[in-house]
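Written below as structure tokens is the structure these notes are about.
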Amino acid sequence: MFSKSSFIPGFFRSRPAGLGLSPDLQSMEQIRRIMRPTDVPDTGLLCDLLWSDPDKDVQGWGENDRGVSFTFGADVVSKFLNRHDLDLICRAHQVVEDGYEFFAKRQLVTLFSAPNYCGEFDNAGGMMSVDETLMCSFQILKPSEKKAKYQYGGLNSGRPVTPPRTANPPKKR
Numbered sequence: 001m002f003s004k005s006s007f008i009p010g011f012f013r014s015r016p017a018g019l020g021l022s023p024d025l026q027s028m029e030q031i032r033r034i035m036r037p038t039d040v041p042d043t044g045l046l047c048d049l050l051w052s053d054p055d056k057d058v059q060g061w062g063e064n065d066r067g068v069s070f071t072f073g074a075d076v077v078s079k080f081l082n083r084h085d086l087d088l089i090c091r092a093h094q095v096v097e098d099g100y101e102f103f104a105k106r107q108l109v110t111l112f113s114a115p116n117y118c119g120e121f122d123n124a125g126g127m128m129s130v131d132e133t134l135m136c137s138f139q140i141l142k143p144s145e146k147k148a149k150y151q152y153g154g155l156n157s158g159r160p161v162t163p164p165r166t167a168n169p170p171k172k173r
């Protein structure tokens, strides 16, 4: 159920219905059939739903600098939304400087809610509220000056990282 002022990452029509994009994603039923809980495999639909990233310099599908999944262009977003009669894709898992960032003529929004990500970036966090008419509003969480309370393993930990999305990434501390 979708209630006022709630946020669920996904696709928007009259209700959210999923998470990211994948060249393997042909129907929303594929997302519904994913067994949960589950481990995320290194390739395939579930991996792409989590790790694929938008890229303004890509048309179609491209290689991802994370070393896992793909990048996709605005054309992929538009085709997907048209095919499934949706208005907006809401995604996460990628640092954006201001906490949220639009892509593909505001057909996709990336949210990142962790300000000062792991003490490594000077990014804001963002939250999106959606009202009963599906009007979206954003709240920005400014980073504090405090150091991170934990270590996440660093960039060479063997796990995919959430890289900045812009050519001018948030400043590292």
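Position 22 of the sequence shown, counting from 1, maps to 22 under the UniProt record's numbering, and the rest follow consecutively. Note that CB positions come from ideal geometry on N, CA and C, so glycine has one too. All values derive from a computational prediction rather than experimental measurement.
Q. Going straight from the alpha carbon of Ser129 to that of Gln139, what length do you get?
A. The residue given as residue 129 occupies position 129 in the sequence shown. The residue given as residue 139 occupies position 139 in the sequence shown. If I take the Cα positions, the gap works out to 8 Å.
Q. Could you give the residue range of the alpha helix (DSSP H) that holds Cys47?
A. Taking the first residue of the sequence shown as 1, we reach residue 47 at position 47. Start and end: Leu45 to Trp51.
Q) Which residue's Cα is closest to the Cα of Met127: Glu120, Phe121 and Asp98? A) Position 127 of the sequence shown, counted from the start, is the residue given in the question as residue 127. Checked all of Glu120, Phe121 and Asp98; the closest Cα to Met127 is Asp98.
Q. Closest to Ser72 by CA distance: which of Ile31, Ala104 and Ser27 is it?
A. Translated into positions along the sequence shown, residue 72 becomes position 72. The amino acid at residue 72 is misidentified as Ser; the sequence shows Phe. Ranking the options by Cα distance to Phe72, first place goes to Ala104.
Q | Spatial distance of Asp24 from Glu132 (CA atoms) | A | Here the question's residue 24 lines up with position 24 in the sequence shown. Here the question's residue 132 lines up with position 132 in the sequence shown. Their backbone Cα atoms lie some 32 Å apart in a straight line.
Q. Does DSSP put Ile69 in a helix, in a strand, or in coil?
A. Your numbering for residue 69 matches position 69 in the sequence shown. In the sequence as displayed, the identity of residue 69 is Ser instead of Ile. Coil.
Q.
Starting from Phe138, trace the beta strand (DSSP E) in both directions and tell me its first and last residue.
A. Indexing the sequence shown from 1 puts residue 138 at position 138. Where Phe138 is concerned, the enclosing beta strand (DSSP E) starts and stops at Cys136 to Leu141.
**Q.** Terminal residues of the alpha helix (DSSP H) in which Pro78 lies
**A.** In the sequence shown, counting from the first residue as 1, residue 78 sits at position 78. Correcting the residue identity first, residue 78 is Ser in this sequence and not Pro. Run containing Ser78: Ala74 to His84, per the alpha helix (DSSP H) assignment.
(Q) Give me the DSSP bridge partner(s) of Pro62. (A) For the purposes of this step, residue 62 is taken as residue 62 along the sequence shown, with counting starting at 1. Here residue 62 turns out to be Gly, not Pro, going by the sequence shown. Residue pairing of Gly62 in beta bridges, as defined by DSSP: Thr71.
Q) Run through DSSP, which three-state label would Ile34 get? A) Here residue 34 corresponds to residue number 34 of the sequence shown, with the count starting at 1. Correct three-state label for Ile34: coil.
Q: Out of Trp61, Ser137 and Pro143, state which residue places its alpha-carbon closest to the alpha-carbon of Asn116.
A: Taking the first residue of the sequence shown as position 1, residue 116 is located at position 116. If we check each option's Cα against that of Asn116, Pro143 comes out closest.
Q.
Just to check my reading of the structure: Gly67 and Asp48 have Cβ atoms closer than 8 Å, yes? What is that Cβ distance to the nearest angstrom?
A. Mapped onto the sequence shown, residue 67 falls at position 67. Mapped onto the sequence shown, residue 48 falls at position 48. Incorrect: roughly 14 Å between the Cβ atoms, too far for contact.
Q. Given a threshold of 16 other Cβ atoms within 10 Å of its Cβ, counted over all protein chains shown, does Arg91 qualify as buried or as exposed?
A. Taking the sequence shown and counting its residues from 1, the one referred to as residue 91 is at position 91. Buried, by the Cβ-count rule.
Q: Work out the CA separation of Phe80 and Ile8 for me, nearest whole Å.
A: Here residue 8 corresponds to residue number 8 of the sequence shown, with the count starting at 1. Here residue 80 corresponds to residue number 80 of the sequence shown, with the count starting at 1. At Ile8, the pLDDT of 40 sits below 50, so the modelled position is not reliable; the number obtained from the coordinates is stated separately. Approximately 19 Å between the Cα atoms of the pair.
Q. Residue range of the beta strand (DSSP E) that Thr133 falls in?
A. Residue 133 sits at position 133 when you count from the first residue of the sequence shown. Unbroken run through Thr133: none, as it is neither H nor E.
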